[in-house]
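These notes concern the structure reproduced below.
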Amino acid sequence: MNVFPDFGSLSGIGDLRVVIGAMLTIILIVAVLMIIISAITWAIATSTGNPGVAAKARAGVFVALGAAILAGGGVTWVNWLINVGGQL
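Position 26, counted from 1, in the sequence shown is what UniProt numbering calls 26; the numbers after and before it change by one each time, with no gaps.
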């Protein structure tokens, strides 16, 4: 009895790459816009002497920066998982 891999088992993988790539692109765009908005708010709040708003805006910059890093790395991670799944 011979065992052969099922090469047709990953037939929709191209569609999956497109959908995940589009979602991660949208997340990346929103994260970069939030970095810009939070940085502007941080600068204005600091210059006007409002430490509460400045602290919240600074936290917004760092959270949006983390989201942008994760979204950028997510594309690489998903592509790697798809390639590993195709080899199994």
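The C-beta atom is built at its ideal place from N, Cα and C for all residues, glycine as well. In this text the structure is predicted, and so the values were computed from the model without any measurement.
Keeping to the same chain, check which residues put their C-beta closer than 7 Å to that of residue i; ignore five residues upstream and five downstream.
i, result
"Ala-31", "Ala-64, Ala-67, Ala-68 and Ala-71"
"Ser-38", "Ala-57, Gly-60, Val-61 and Ala-64"
"Ile-35", "Val-61, Ala-64, Leu-65 and Ala-68"
Could you tell me how far apart the beta carbons of residue i and residue j are, in whole angstroms, since I believe they sit closer than 8 Å?
i, j, result
"Ala-57", "Ala-45", "6 Å"
"Gly-74", "Leu-24", "5 Å"
"Ile-20", "Val-78", "5 Å"
"Trp-80", "Val-61", "Contact flag wrong, Cβ pair sits at about 29 Å."
"Ile-27", "Ile-82", "Rounded, the Cβ-Cβ distance is 18 Å, inconsistent with contact."
Excluding sequence positions up to five away, which residues of its chain have a Cβ less than 6 Å from the Cβ of residue i?
i, result
"Val-53", "Ala-45"
**Study point:** Continuous alpha helix (DSSP H) assignments of at least 4 residues falling wholly in the region 16 to 41
**Key:** none
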